[in-house]
Amino acid sequence: MKMEKIDKYIEDEKAITPSPFLESRILARIENLEREQIPMPKRARLWPSVAVVAGIAIIAFTGIKIGSTYKNPSPNYAGLIVNDNYIEQLSIYTADDNE
Numbered sequence: 000m001k002m003e004k005i006d007k008y009i010e011d012e013k014a015i016t017p018s019p020f021l022e023s024r025i026l027a028r029i030e031n032l033e034r035e036q037i038p039m040p041k042r043a044r045l046w047p048s049v050a051v052v053a054g055i056a057i058i059a060f061t062g063i064k065i066g067s068t069y070k071n072p073s074p075n076y077a078g079l080i081v082n083d084n085y086i087e088q089l090s091i092y093t094a095d096d097n098e
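This is how it looks when you write it as structure tokens:
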């Protein structure tokens, strides 16, 4: 009994033909709502652009400041300057007699 009512309801809903102008009425109403929206003042449209420019400027300034504060430590070469002439005899490697 319940299934028959449900099936009849489904068949009745399938038999209903929608108005062909329903879609055009809905779209026209949406377009009218879009036209009726209050336009933004020029100042309100300017703020997002100003915020983006200010953000880029702050990032660039911060990057330059961070880059200028870094100082490459100068290596101390005093320990590397050694006269190793007495340590290793290079004449052994350059002599032609040892071939």
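Each step along the sequence shown adds one to the number in numbering that gives the first Met the number 0, with nothing skipped, and position 1 is 0.
C-beta atoms are modelled at their ideal positions from N, C-alpha and C, and glycine is treated no differently.
Alpha-carbon spacing of residue i relative to residue j, whole angstroms
i, j, result
"G62", "W46", "24 Å"
"V51", "I65", "21 Å"
"I9", "S23", "26 Å"
"D6", "E12", "10 Å"
"R16", "A27", "Before going further, note that residue 16 is Thr rather than Arg in the sequence given. About 21 Å."
"S18", "R44", "41 Å"
"L21", "K4", "29 Å"
"I55", "I25", "43 Å"
"R42", "V49", "10 Å"
"S67", "E33", "51 Å"
"T93", "N71", "39 Å"
"P38", "E30", "15 Å"
| field | Every unbroken alpha helix (DSSP H) within the segment 11-46, with a cutoff of 4 residues, ordered by chain | value | 21-35
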